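What follows is a set of notes on a single structure, which appears directly below.
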Amino acid sequence: MHRISSVPGHPPQLEEAMKALTLAAGISCVALALSSGAATAETPVLTVLTYDSFISEWGPGPAVEKAFEASCGCDLRFVAAGDGAALLARLQLEGVASETDVVLGLDTGLTAAAAATGLFAPHGQPAATALPVAYDDPLFLPYDWGWFAFVYDKARLPAPPTSFADLAASGVKIVIQDPRSSTPGLGLLLWVKAAHGDKAGEVWAGLADNIVTVTPGWSEAYGLFLEGEADMVLSYTTSPAYHRLAEGDDSKDWAPFAEGHYLQVEVSAKLAATDQPALADAFLAFTQSAEFQALIPETNWMYPAGDVPLPEGFETARPATSLLMTADEAAAARSAALAEWQAALAQ
Amino acid sequence: MASSAGAVGAAALLLVAVPIGAVALRAGGLSLSPADGAALRFTLLQAALSASVSVALAVPVARALARRRFAGRRALITLMGAPFLLPVIVAVMGLLALFGRSGVVNAVLTALGLPALSIYGLQGVVLAHVFLNLPLATRMILQGWQAIPAERFRLGAALGFSPREVARHLELPMLREVLPGALATVFALCLTSFAVALILGGGPWATTLELAIYQAVRFDFDLGHAAGLALVQALVGGSAALAAWAAARAAGFGAGLDRTLPMAGPGGWHRGADAAALTVAAVFLLAPMAAVLLRGLPGLAEMPGAVWPALVRSVAVALASVVVTMAAALVLAQAVARGGPRWLDLAAALPLATSGLVLGTGLFLLVQPFAPPMRLALPVTVAVNAALSLPFAYRLILPDARALEADYGRLAASLSLTGAARLRLVTLPRLRRPLGFAAGLAAALSMGDLGVIALFAGEAEATLPLVIQRLQGAYRTEAAAGASVLLVAAALALFAAFDRWGRHAEA
Chain A
551 MHRISSVPGH
561 PPQLEEAMKA
571 LTLAAGISCV
581 ALALSSGAAT
591 AETPVLTVLT
601 YDSFISEWGP
611 GPAVEKAFEA
621 SCGCDLRFVA
631 AGDGAALLAR
641 LQLEGVASET
651 DVVLGLDTGL
661 TAAAAATGLF
671 APHGQPAATA
681 LPVAYDDPLF
691 LPYDWGWFAF
701 VYDKARLPAP
711 PTSFADLAAS
721 GVKIVIQDPR
731 SSTPGLGLLL
741 WVKAAHGDKA
751 GEVWAGLADN
761 IVTVTPGWSE
771 AYGLFLEGEA
781 DMVLSYTTSP
791 AYHRLAEGDD
801 SKDWAPFAEG
811 HYLQVEVSAK
821 LAATDQPALA
831 DAFLAFTQSA
841 EFQALIPETN
851 WMYPAGDVPL
861 PEGFETARPA
871 TSLLMTADEA
881 AAARSAALAE
891 WQAALAQ
Chain B
3 MASSAGAVGA
13 AALLLVAVPI
23 GAVALRAGGL
33 SLSPADGAAL
43 RFTLLQAALS
53 ASVSVALAVP
63 VARALARRRF
73 AGRRALITLM
83 GAPFLLPVIV
93 AVMGLLALFG
103 RSGVVNAVLT
113 ALGLPALSIY
123 GLQGVVLAHV
133 FLNLPLATRM
143 ILQGWQAIPA
153 ERFRLGAALG
163 FSPREVARHL
173 ELPMLREVLP
183 GALATVFALC
193 LTSFAVALIL
203 GGGPWATTLE
213 LAIYQAVRFD
223 FDLGHAAGLA
233 LVQALVGGSA
243 ALAAWAAARA
253 AGFGAGLDRT
263 LPMAGPGGWH
273 RGADAAALTV
283 AAVFLLAPMA
293 AVLLRGLPGL
303 AEMPGAVWPA
313 LVRSVAVALA
323 SVVVTMAAAL
333 VLAQAVARGG
343 PRWLDLAAAL
353 PLATSGLVLG
363 TGLFLLVQPF
373 APPMRLALPV
383 TVAVNAALSL
393 PFAYRLILPD
403 ARALEADYGR
413 LAASLSLTGA
423 ARLRLVTLPR
433 LRRPLGFAAG
443 LAAALSMGDL
453 GVIALFAGEA
463 EATLPLVIQR
473 LQGAYRTEAA
483 AGASVLLVAA
493 ALALFAAFDR
503 WGRHAEA
């Protein structure tokens with residue numbers, strides 16, 4: 551019953567354990583070295599910095615890479631860095647020493663700050679044609695776009711609100727994203743500002759009791775909505791299409807707001823310091839091709855920027871009005887809009 | 003030994019200080035803004051509350067585990083550790099399944115005609131932090147109970163000690179040694195909280211220092227401000243570590259014979275109280291885990307192929323981190339136990355209070371001139387994970403290292419036992435229990451940590467937490483929930499393997 555272990559303890563098992571530990575450490579070091587050392591080929595390399603969801607196996611990345619490499623005689627390499635705002639921070643950190651040739655995934659809330667860095671070169675491509683508003687920027691080339699909207703479950707919320715005022719007057723609970731850490735969060739801030747201008751602070755004060763919580767990013771907010779924590783979530787008009795087409799689930803829809811819906815336009819740009827300017831130009835031209843554009847709706851779940859047919863069932867309705875601040879307006883408005891937002895929700 | 007401890011301590015300090023310095027240097031200085039005062043106040047408030055509640059609840063649970071023997075006790079101890087190993091967003095989803103607006107608790111309250119409870123607010127932040135940290139606090143305190151030689155309890159029984167006298171002569175001195183470290187550790191962990199505080203805090207009033215750092219880097223691209231905030235965070239965490247050091251008193255029970263005697267816990271209402279403490283803690287910790295499991299099981303079939311190589315990468319990173327962490331923690335703990343300089347204690351605690359974002363950004367700036375950051379993603383992750391696990395490992399080893407030094411230091415010296423022989427014959431056998439537990443924690447923490455990998459990784463370097471984040475970011479909620487179950491299972495298996503090795507000697 552009484553086991554007595556003397557000072558030396560169990561040296562044999564201990565040594566075995568230490569051996570196993572050393573072996574495991576050795577194996578993992580080799581595995582790390584193998585997976586880190588990328589093979590360098592003779593072919594020229596085009597490095598494209600983009601957000602996480604673009605390069606995953608269910609995103610557009612793999613098909614884009616295959617299609618472009620078939621014609622460019624190059625090695626297309628994607629590097630991922632979080633989301634749109636993280637991309638710009640990353641490029642600013644890297645400065646001219648960056649290996650990046652093309653960045654894909656900045657949005658219209660960030661383009662003024664991006665242009666001010668002086669890191670980008672003109673793309674020289676014709677303007678994209680399938681946007682609901684005119685957009686022609688010498689540095690930034692749209693490849694897809696979408697409208698921000700509140701998404702809801704049709705069975706749980708039969709009569710969704712029809713404007714911000716209607717939402718504020720209702721007992722409908724929403725979950726939104728923090729503009730300080732999330733691109734859609736910043737989009738909502740600009741949406742309210744574009745629609746209500748000087749009254750934006752009052753709109754936020756009215757919405758305060760509708761907001762269940764504020765999440766750091768889109769995925770947490772959407773997860774909370776799917777769990778039933780809120781009646782509506784800030785997302786895109788294309789979100790219900792995902793459930794409809796990918797999951798065969800037609801239970802979700804987006805609520806049209808009378809003020810109109812703010813646009814998010816996703817753009818790519820060429821780095822001025824690229825060592826592959828010709829390949830970078832070829833890639834930017836490729837993003838406008840029908841081949842690239844046709845991939846967008848069902849992998850990135852956004853509207854294509856070029857004139858390609860939309861998949862069956864992708865779109866059920868369009869907002870009557872599109873809102874979009876110019877890059878300079880957005881840059882000028884965002885700090886004050888953030889302060890209004892914080893003050894209204896600080897109680 | 004002393005010089006290697008100095009080197010390890012210096013490395014830990016540098017790993018915290020140099021990235022902040024690199025970020026500040028890039029920005030040309032440090033800065034703070036008036037709004038930072040509010041962020042600091044909220045951060046201190048929630049961290050202090052979370053730490054006090056976690057530790058206060060952990061004491062009765064640890065005592066019940068220490069003095070009762072029942073079927074399934076070992077399994078319960080291992081399983082109750084699971085919440086600590088959960089990725090934060092998975093833990094939040096598990097809690098919401100119970101306490102959320104459409105959770106079980108509110109469904110019951112509504113059915114009974116009672117008003118609904120809201121989890122969103124300070125109460126939710128503290129609830130989540132207690133859920134995440136009660137397991138760690140319990141284990142740290144349980145280690146303390148188990149470090150009291152069984153002969154002392156026997157002597158107490160022979161002298162006819164009442165439970166009150168046992169508490170006064172044995173348990174309180176032990177708690178005085180263990181509690182400050184447990185409090186400081188949980189406090190520092192909650193200090194860097196970001197997603198939990200924001201999601202459950204319910205809005206921008208719940209702004210922590212880490213969220214302010216996100217704003218500085220991403221919204222304003224003001225690196226000087228980010229570095230300033232990171233420095234404040236590190237200073238607060240460092241002060242907590244120093245305060246704990248000053249408050250802790252060695253219990254000085256002396257050596258025992260390592261006999262594993264069944265400890266006869268007091269009967270009567272004490273038995274009922276222990277049972278209640280264990281039941282409440284087990285339900286509180288395990289019910290959200292069950293919710294995570296239920297959510298995730300249907301998603302297991304939906305997982306993309308990318309999870310498997312990511313799992314292998316995560317395990318490799320975890321094992322490499324364990325080796326680095328344990329070597330560093332053992333060297334530091336032994337040096338401090340032998341009366342080494344006070345700054346080593348600070349060096350071992352400081353990484354806990356580091357801002358993940360500033361650490362990652364600083365390392366990125368440091369690495370970039372020499373190699374593409376993508377190529378170094380996994381080695382950098384190993385280094386950072388090892389640094390972040392060091393404070394736990396150190397805290398867990400230190401009490402036993404002190405006791406070892408007091409009880410066997412002179413004997414070992416008189417036998418001229420030094421170097422590898424001393425390590426093999428004295429140190430490793432005597433410290434096996436905390437070493438196993440700390441190694442398990444380090445492995446599991448490394449598995450679950452998103453850490454700096456998100457700033458560095460390309461397509462080919464993704465770890466499992468990063469793949470989960472990417473799935474969540476692309477509507478694939480079910481697959482993400484499935485992959486989370488896989489992650490938790492793998493982390494728990496690694497943890498249990500090391501911990502079991504450590505508890506081999508225990509009855």
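Chains A and B supply the protein sequences, listed in that same order. Numbering follows our numbering, with no gaps: position 316 of the first sequence is 866. Numbering follows our numbering, with no gaps: position 114 of the second sequence is 116. Ideal Cβ positions, reconstructed from N, Cα and C, are used throughout, including at glycine. None of the values given here were measured: they were computed from a predicted structure.
Q: Mark residue 748(A) as exposed unless 16 or more other C-beta atoms lie within 10 angstroms of its C-beta, in which case mark it buried.
A: exposed
Q: Classify residue 627(A) as helix, strand or coil using the three-state DSSP reduction.
A: strand
Q: Please go through the stretch 43 to 124 of chain B and give each complete alpha helix (DSSP H) segment of 4 or more residues, from N-terminal end onward.
A: 75 to 82, 84 to 87, 90 to 101 and 106 to 113
Q: Out of 336(B), 486(B), 319(B) and 373(B), point me to the one whose CA is closest to residue 399(B)'s CA.
A: 336(B)
(Q) Below 8 Å, how does it come out for the stretch 105 to 117 of chain B and the stretch 144 to 151 of chain B: are there three or more Cβ pairs, yes or no? (A) no
Q) Are there three or more Cβ pairs, one per stretch, closer than 8 Å when the stretch 220 to 233 of chain B is compared with the stretch 28 to 40 of chain B? A) yes
**Q.** Nearest residue (CA-CA) to residue 673(A), options 857(A), 828(A), 763(A) and 626(A)
**A.** 828(A)
Q: Kindly indicate which three-state DSSP category residue 754(A) falls into: helix, strand or coil?
A: helix
Q | Short Cβ contact (9 Å threshold) for residue 53(B) with residue 140(B) | A | no
Q. Is it the case that the Cβ atoms of residue 766(A) and residue 814(A) are separated by a distance below 9 Å?
A. no
Q: Please classify residue 667(A): does DSSP put it in a helix, a strand, or coil?
A: coil
Q. Are residue 768(A) and residue 475(B) closer than 9 Å when you measure CB to CB?
A. yes
Q | Three-state secondary structure (DSSP) of residue 819(A) | A | strand
**Q.** Residue(s) in a DSSP beta bridge with residue 811(A)
**A.** 872(A)
Q. So what's residue 596(A) in DSSP terms, helix, strand or just coil?
A. strand
(Q) Tell me which residue opens and which closes the beta strand (DSSP E) that residue 907(A) is part of. (A) There is simply no residue 907(A) to check, as chain A begins at 551 and stops at 897 in what is shown.
Q | Test: residue 814(A) CB closer than 9 Å to a CB of chain B | A | no
Q: Return yes when the Cβ of residue 327(B) is within less than 9 Å of the Cβ of residue 387(B), no when it is not.
A: yes
Q.
I need the straight-line Cα distance from residue 671(A) to residue 855(A), nearest angstrom please.
A. 21 Å
Q: List the residues that DSSP assigns as beta-bridge partners of residue 696(A).
A: 814(A)
**Q.** Where residue 200(B) meets chain A, residues with beta-carbon distance less than 7 Å
**A.** 728, 764, 765 and 766
Q. Using the C-alpha atoms, what's the distance from residue 692(A) back to residue 861(A)?
A. 20 Å
**Q.** Limits of the beta strand (DSSP E) - the one that residue 802(A) falls within
**A.** 802 to 805
(Q) Less than 9 Å between the beta carbons of residue 649(A) and residue 597(A), yes or no? (A) yes
Q. Assuming residue 515(B) contacts residue 500(B) under a Cβ cut-off of 8 Å, what Cβ separation, rounded to an integer in Å, is found between them?
A. In the structure displayed, chain B extends from 3 to 509; residue 515(B) sits before or after that span and is not available.
Q.
What would DSSP say about residue 726(A), mapped onto helix, strand or coil?
A. strand
(Q) Counting only Cβ pairs nearer than 9 Å, list the residues of chain B close to residue 609(A). (A) 472 and 476
Q) Is any beta-carbon of chain B found at less than 9 Å from that of residue 761(A)? A) yes
**Q.** Same chain, Cβ closer than 7 Å to residue 407(B), five either side skipped, listed in chain order
**A.** 339 and 340
Q) What is the DSSP secondary structure of residue 579(A), counted as helix, strand or coil? A) Confidence is the limiting factor: at residue 579(A) the pLDDT is only 46, short of 50, which leaves the residue's position unreliable and the question unanswerable from this model.
(Q) Taking the alpha-carbon of residue 668(A) as reference, which of 786(A), 644(A), 592(A) and 604(A) has the nearest alpha-carbon? (A) 644(A)
Q. Going by DSSP, which residues form a beta bridge with residue 164(B)?
A. According to DSSP, residue 164(B) bridges with nothing at all.
Q: From the DSSP output, in three-state form, read off residue 305(B) for me.
A: coil
Q. Hey, is the stretch 122 to 142 of chain B in contact with the stretch 163 to 171 of chain B, meaning 3+ C-beta pairs nearer than 8 Å?
A. no
Q. What are the uninterrupted segments assigned as beta strand (DSSP E) that are 3 or more residues long and contained completely in the stretch 323 to 377 of chain B, given in chain order?
A. none
Q: Decide if residue 750(A) is buried, meaning its Cβ has at least 16 other Cβ atoms within 10 Å, or exposed.
A: buried
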